[in-house]
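The block underneath contains the structure these notes are about, expressed in structure tokens.
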Amino acid sequence: MRTELVSEPGDRARPNEDFASVGAPACGQGGALVVLDGVTPPKGGTGCLHSVPWYTARLGGALIELTVSLPDVPLADALSRAIARTAGAHERTCDLSHPRTPQATVVVTRWSEHTLEYLVLSDSALLLESPDGTVTPVLDDRLDRLPRDLLVSDEVADARARNKEGGFFTAAADPEVVSRAITGTLPRAEVRALAALTDGATRWTERFHEGDLTDLFTYVRKQGPRALVECVRELERADAERRTFLRRSKTHDDATVVYAEL
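Each residue of the sequence shown is one higher than the one before, starting from 0 at the first, in numbering that gives the first Met the number 0.
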């Protein structure tokens with residue numbers, strides 16, 4: 000198994016809100032990876048004493064431990080337990096019912112000698128490459144399919160769409176959110192490589208239109224995760240005033256890429 004991991008903050012003066020980890024069991028027959036993209040809150044309160052990086056570190060650490068140490072527990076159950084464990088760490092000091100309580104998108108995969116399992120929640124991406132080179136995206140595209148009037152402001156999105164029926168879902172404090180995740184299992188032989196990316200890295204496709212997701216995967220496989228992040232940074236700097244590519248809430252976003260050849 001070969002893996003490469005790059006995670007870079009959008010602003011070096013601010014902590015990286017992404018989380019990434021890879022686990023490779025000593026038996027050499029499998030592995031797992033976790034990628035989280037912490038949701039940056041708007042100015043104002045979140046009801047929580049803790050930062051987004053605190054949350055992603057807690058949730059990500061719990062999730063990779065549970066995913067690797069409990070191979071017979073489905074990924075949705077592992078995520079549910081990780082969310083509950085993280086909520087328990089601050090439920091006595093923080094208002095976990097606040098719509099902006101720390102939260103994150105999730106990508107997690109686990110592979111054994113015979114199968115590959117995956118889970119995707121919200122707008123980070125998982126790309127799976129088959130032995131014949133076909134790239135299959137696993138995406139939770141609910142956010143992209145929402146009517147624009149639900150996203151006109153943070154206040155409207157929080158009141159009408161965030162973690163609500165008919166809206167979109169992230170991992171926050173409610174373990175039941177795992178029922179909204181995109182999940183599946185494939186034969187291990189059908190996947191020869193994969194990439195997990197936060198939306199700061201998929202900007203290459205989604206914001207700057209440098210190619211489709213198959214082109215993006217090919218770029219990562221040939222040039223490596225570091226090259227992709229550097230390319231995205233160059234594109235961001237070239238349009239720093241966001242005149243050409245308007246749909247960017249930040250000039251630079253945290254960007255994480257994990258690539259694995261199985």
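The beta-carbon is built from N, C-alpha and C at its ideal position, and this holds for glycine as well.
Note that the coordinates shown come from a computational prediction; the quantities given were computed from them, not determined experimentally.
Residues that DSSP places opposite residue i in a beta bridge
i: glycine 199; result: Its beta-bridge partners do not exist; DSSP assigns none.
i: aspartate 17; result: Asp36
i: arginine 1; result: Glu260
i: glycine 30; result: Trp110
i: glycine 22; result: Ala31
i: threonine 66; result: For threonine 66, which the question treats as bridged, DSSP gives no partner whatsoever.
i: serine 6; result: Thr255
i: valine 105; result: Leu35, Leu120
Three-state secondary structure assigned by DSSP to residue i
i: threonine 217; result: helix
i: aspartate 36; result: strand
i: leucine 261; result: coil
i: threonine 100; result: coil
i: alanine 239; result: coil
i: glycine 46; result: coil
i: alanine 226; result: helix
i: glycine 59; result: helix
i: valine 231; result: helix
i: glycine 87; result: helix
i: threonine 250; result: coil
i: proline 52; result: helix
i: leucine 95; result: coil
i: alanine 77; result: helix
i: glutamate 205; result: helix
i: phenylalanine 244; result: Residue placement at phenylalanine 244 cannot be trusted, given a pLDDT of 49 that sits under 50; what the coordinates show is reported in the next sentence. Correct three-state label for phenylalanine 244: coil.
Through-space distance from residue j to residue i, alpha-carbon basis
i: threonine 197; j: aspartate 36; result: 6 Å
i: threonine 85; j: serine 121; result: 19 Å
i: valine 5; j: alanine 226; result: 10 Å
i: serine 48; j: cysteine 93; result: The residue you asked about is not serine; residue 48 is leucine in the sequence shown. Each residue's Cα considered, the two are about 6 Å apart.
i: serine 123; j: tyrosine 218; result: 18 Å
i: valine 257; j: threonine 184; result: 19 Å
i: threonine 108; j: glutamate 64; result: 13 Å
i: serine 178; j: alanine 81; result: 14 Å
i: arginine 91; j: glycine 60; result: 21 Å
i: leucine 150; j: glutamine 28; result: 44 Å
i: arginine 13; j: glutamate 229; result: 18 Å
i: alanine 75; j: alanine 259; result: 21 Å
i: lysine 163; j: threonine 100; result: 14 Å
i: valine 72; j: glycine 210; result: 37 Å
i: arginine 11; j: arginine 57; result: 21 Å
i: lysine 249; j: phenylalanine 168; result: 21 Å
i: alanine 77; j: leucine 62; result: 6 Å
i: asparagine 15; j: leucine 115; result: 29 Å
i: proline 52; j: aspartate 148; result: 30 Å
i: proline 98; j: aspartate 131; result: 44 Å
Min CB distance residue i to chain B below 9 Å
i: alanine 86; result: Reference to chain B is not applicable here, since this structure consists of a single protein chain.
Within 9 Å, strictly: CB atoms of residue i and residue j
i: alanine 19; j: glycine 30; result: no
i: leucine 138; j: glycine 166; result: no
i: arginine 191; j: serine 129; result: yes
i: serine 96; j: glycine 43; result: no
i: leucine 212; j: leucine 126; result: yes
i: valine 38; j: alanine 103; result: yes
i: aspartate 253; j: glutamate 7; result: yes
i: glutamate 235; j: arginine 187; result: no
i: alanine 83; j: proline 174; result: yes
i: threonine 55; j: aspartate 17; result: yes
Checklist entry - For the region 107-195, which segments carrying the alpha helix (DSSP H) assignment without a break, of at least 4 residues, lie completely within its bounds, in sequence order? => result 141-144, 153-159
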